[in-house]
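Heads up, my numbering is the position in the sequence shown plus 1188, with the first residue counted as 1. Even glycine gets a Cβ: it sits at the ideal position worked out from N, Cα and C. Note that the structure is a prediction, hence the values are computed from the model and not measured.
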Amino acid sequence: YRNLRDYIELDPEKMDISIHLIKDSTILSKHSRSQEKFMHGIRVLMAKQYIDNLGEEVTKGQTEKAAQGQWPSYAPLGYKNRLEDHKIVPHPEEASLVRTAFELASSGEYSLRKLSYILYQHGLRGRRSGKKIAMSTLERVLKNTLYYGRFDWGGKTYSGKYEPLISK
């Protein structure tokens, strides 16, 4: 199952189906013994507890990393993740283009559409699509305090200990 809802919805008794659990060498059906159903239910709940705990631990780790001034997630546009120390650093190509975006936007002469087009002409692309940066993405970048050294995480604002791309 991918989640607890799948376990609930795939009820062999209601659906008149058999579920073959290869790893456990078990077949669940409406004819299964109560002990088999009980043990399967226990395993499903243990897996749910494991996933829930893993989520809590990830959140705790990200919050601790943020408290230390480090960006705790995938690097935003203009930065890259440095795998050696798990910190963000300016991306060799993107950083200067993000700086250009701030400079052009601060002039007040460009719409987001025009700015997106200019940046595309200079080589800035969406990381996944390879296309022009969406205007909504560009707007989020231009409003994001992370680029001058402050970021929000978990409802708190932190002072970043990474190289800002622009001044406040």
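In DSSP terms, what residue i is bridged to
i: HIS1310; result: DSSP, once it has assigned bridges, lists no residue as partnering HIS1310.
i: LYS1344; result: TRP1341
i: LEU1216; result: ILE1207
Segment limits, beta strand (DSSP E) that includes residue i
i: PRO1278; result: 1275-1278
i: LEU1198; result: First-last for LEU1198: undefined, no H or E at that position.
i: LYS1268; result: 1267-1270
i: HIS1208; result: 1207-1209
CA nearest to the CA of residue i, picked from the options
i: ASP1212; options: GLY1337, TYR1346 and LYS1225; result: LYS1225
i: GLU1327; options: SER1294, TRP1341 and SER1355; result: SER1294
i: SER1304; options: GLU1252, ARG1315 and SER1324; result: SER1324
i: PRO1278; options: LEU1353, TYR1346 and ALA1235; result: LEU1353
i: LEU1330; options: SER1317, PHE1290 and SER1299; result: PHE1290
i: LEU1209; options: VAL1232, GLY1348 and MET1203; result: VAL1232
i: PHE1339; options: GLU1297, GLN1256 and ILE1196; result: GLN1256
i: THR1288; options: GLY1229, HIS1310 and ILE1196; result: HIS1310
i: TYR1189; options: LEU1300, GLN1223, LYS1236 and GLN1250; result: LYS1236
i: TYR1343; options: GLU1297, ARG1301 and GLN1250; result: Note that residue 1343 is Gly in the sequence shown here, rather than Tyr. With distances taken between Cα atoms, GLY1343 lies closest to GLN1250.
i: TYR1195; options: GLY1229, TYR1298 and ASN1241; result: GLY1229
i: LEU1192; options: SER1222, GLN1223, VAL1246 and ASP1240; result: ASP1240
Opening and closing residue of the alpha helix (DSSP H) in which residue i lies
i: LEU1292; result: 1282-1295
i: ILE1230; result: 1222-1255
i: GLU1351; result: Here GLU1351 belongs to no alpha helix (DSSP H), and DSSP marks it neither H nor E.
i: SER1324; result: 1323-1331
heavy atom of the ligand FAD below 7 Å from residue i C-beta
i: LEU1192; result: Only the bare structure without any ligand can be found here, which leaves the ligand FAD out of the picture.
Residues near residue i in its chain [Cβ-Cβ closer than 8 Å; skip 5 each side]
i: ILE1207; result: LEU1198, PRO1200, ILE1215, LEU1216 and SER1217
i: ILE1276; result: GLN1258, TRP1259, ALA1263, PRO1264, TYR1267, LYS1268, ASN1269, ARG1270 and TYR1350
i: GLY1314; result: LYS1320, ILE1321, ALA1322 and THR1325
i: HIS1219; result: none
i: ARG1301; result: MET1323
7 Å CB neighbourhood of residue i in its chain, flanking five on each side removed
i: LEU1312; result: GLU1282, LEU1285 and ILE1321
i: THR1333; result: PHE1339
Own chain, CB closer than 6 Å to residue i, minus 5 neighbours either side, in chain order
i: ALA1254; result: PRO1260, TRP1341 and TYR1346
i: GLY1318; result: none
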